[in-house]
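Structure first, commentary second.
There are 2 protein chains.
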Amino acid sequence: MGITERKGRERAEREHRIVATARAIAEREGWDAVTIRRLADEIEYSQPVLYSHFENRDAIVAAVAVEGFKDITAALRTAASESIGRRKALENVVLAYLAFAMGRPALYEAMFVLPTKLRFAEADTRPELQAAFAALAAVVKPFCTDVAVVTETFWAALHGLTELERSGRIRPAARADRIALVVRAIAGSGSSARARG
Amino acid sequence: MGITERKGRERAEREHRIVATARAIAEREGWDAVTIRRLADEIEYSQPVLYSHFENRDAIVAAVAVEGFKDITAALRTAASESIGRRKALENVVLAYLAFAMGRPALYEAMFVLPTKLRFAEADTRPELQAAFAALAAVVKPFCTDVAVVTETFWAALHGLTELERSGRIRPAARADRIALVVRAIAGSGSSARARG
DNA sequence: CTTGATGATCTAGCAACGCTAGAATATGGA
DNA sequence: TCCATATTCTAGCGTTGCTAGATCATCAAG
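Protein chains in written order, with the working numbering: chain A, 158 to 354; chain B, 158 to 354.
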């Protein structure tokens, strides 16, 4: 009797459709357009059904954010693995990070700007978030001893560059210069402590 | 016949009260609590009066943000001027920036996080915003040639550190280490190009 | 002083929001 | 066939930003 299983699958699939629809609307029209009524319309169920899946609207945004962390982790890992040499890896990860943020502004917004209860750097941190952090740490590690601190600061620089550029507070034209600055700050200007990998 | 002038003064004073009230509510209870009805209540006028001063709610938030930029400019200037030596000035400005952001989260949110039409790095940039940028540039200038690029990157790092720590994504305990890292990245680890001031 | 126009202010209400109580419907075992 | 359970829906509450149209105060002209 796979009845319960079938119901469970259908339920899981519906939940996935909610998240996918929310993400699609947000990326096309912004998060303001993602209303419970609109989502209910698009998945062809009434509004209360959404609340049997998620506690409230924020929980839906958070679910999209978690998807975003999976995606960015994959993007950063690819950027690192396709690079030759640790310095190039560092640089390509920076480029990949900014490309991700600029290319999917709504997704990035869900991950970092909108009020969320997702926590980092704590015991209950979700694995998706830890994985993203680890992907950043991987390319930083060859250049330092205190990996955690450097990764956090590195990440802060990337996030700051993203937000300030996205809100028009720093000059887009100077992006490459700023990136070079960050890379040099971590990898050093000359050949680093040990020779190139 | 100062009638028109008196009316103008009263109007300006009422506008100031709106902004001050919005800021006060936001800092005490968060921006969600800043509703048009609430503001109308507190200034003892009806709601449409607010719309004779500001186009919409966002414009009120923006007005508070501009006040915030004046405040942070003052804080950064003080931190710099009270420091002995350019490296200490840089370090104290970093501390002042983070103290400002952490001490007035709602104000900082209005300045950087909430959707605003305030622009930077453009012709129509408001003087308050330029002044804040200049205050950061002042302490960076002794350590580099391309002041604009370094200031933008410096600012991005500060903003990133602020946001990631405020949203619980990096460890508060490691703040001092991260700050040291940023300061060293700009000022250099040993004595900088020229001797200390 | 009265009148009429102008501008300032208010009352009342619209449409949309997140969310939920309670009715209606479908499901599956006795 | 009947009932209990679980699922889904209808309808609506309270709140939001914002606005049309009524009301009121002000002041120059007659």
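In this text, a Cβ means the ideal position worked out from N, Cα and C, and glycines have one as well.
Under a three-way DSSP split, which group does residue i fall into?
| i | result |
| --- | --- |
| S238 of chain B | helix |
| D189 of chain B | helix |
| V270 of chain A | coil |
| L275 of chain A | coil |
| Y202 of chain B | coil |
| E212 of chain A | coil |
| T178 of chain B | helix |
| R328 of chain B | coil |
| T282 of chain B | coil |
| G225 of chain B | helix |
| G165 of chain B | helix |
| G345 of chain B | coil |
| R261 of chain A | coil |
| A232 of chain A | helix |
Closest to residue i by CA distance: which of the options is it?
| i | options | result |
| --- | --- | --- |
| E201 of chain B | B:A216, B:A222, B:V223 and B:T178 | B:T178 |
| I327 of chain B | A:A314, A:L338 and A:G325 | A:A314 |
| G345 of chain A | A:Y208, A:P284, A:C301 and A:T235 | A:C301 |
| A181 of chain A | A:S240, A:N213 and A:R261 | A:R261 |
| R323 of chain B | B:V270, B:A292, B:H173 and B:I241 | B:V270 |
| A292 of chain B | B:A333, B:A231, B:K164 and B:G165 | B:A231 |
| A222 of chain A | A:R195, A:A258, A:L252 and A:L321 | A:A258 |
| F290 of chain A | A:V250, A:H173 and A:A267 | A:V250 |
| G225 of chain A | A:Q287, A:K298, A:R332 and A:P329 | A:Q287 |
| G242 of chain A | A:E212, A:V297, A:P272 and A:E199 | A:V297 |
| I175 of chain B | B:G165, B:K164 and B:D198 | B:D198 |
| L265 of chain A | A:A237, A:G317, A:D303 and A:L207 | The amino acid at residue 265 of chain A is misidentified as Leu; the sequence shows Tyr. The candidate whose alpha carbon is nearest that of Y265 of chain A is A:G317. |
| V340 of chain B | B:P299, B:P272 and B:G325 | B:P299 |
| L233 of chain A | A:A169, A:K164 and A:Y254 | A:Y254 |
| P272 of chain A | A:N213, A:E309 and A:D303 | A:N213 |
| P329 of chain A | B:E309, B:R332 and B:A267 | B:E309 |
| R171 of chain B | B:F211, B:A263, B:T192 and B:A294 | B:F211 |
Measuring only the C-alpha atoms, how far is residue i from residue j?
| i | j | result |
| --- | --- | --- |
| K274 of chain A | A219 of chain A | 8 angstroms |
| L338 of chain B | V307 of chain A | 8 angstroms |
| D104 of chain B | S209 of chain A | Here chain B comprises residues numbered 158 to 354, so residue 104 of chain B is not present and cannot be evaluated. |
| D228 of chain B | E285 of chain B | 9 angstroms |
| G354 of chain B | S240 of chain B | Here G354 of chain B scores only 32 on pLDDT, less than 50, and its place in the model should not be relied on; the value that follows carries that caveat. Their Cα atoms are separated by approximately 11 angstroms. |
| E320 of chain B | F311 of chain A | 13 angstroms |
| A256 of chain B | I343 of chain A | 25 angstroms |
| A216 of chain B | I336 of chain B | 34 angstroms |
| E162 of chain B | L207 of chain B | 20 angstroms |
| A305 of chain B | R195 of chain A | 44 angstroms |
| A169 of chain B | H173 of chain A | 52 angstroms |
| A331 of chain A | T192 of chain A | 37 angstroms |
| A294 of chain A | D303 of chain A | 10 angstroms |
| L252 of chain A | M268 of chain A | 18 angstroms |
| T235 of chain A | E184 of chain B | 43 angstroms |
| G165 of chain B | A263 of chain A | 42 angstroms |
| S238 of chain A | E167 of chain A | 37 angstroms |
| G325 of chain A | G325 of chain B | 25 angstroms |
>> Tell me whether the stretch 176–191 of chain A and the stretch 229–249 of chain A touch, counting them as touching only if at least three CB pairs, one residue from each stretch, are closer than 8 angstroms.
In response: no
> Using 8 angstroms as the Cβ pair cut-off and three pairs as the minimum, do the stretch 280–288 of chain B and the stretch 202–216 of chain B touch?
Replying inline: no
> Can you list, in chain order, the stretches of the alpha helix (DSSP H) that have 4 or more residues and sit fully within the stretch 290–334 of chain A?
Replying inline: 304–323
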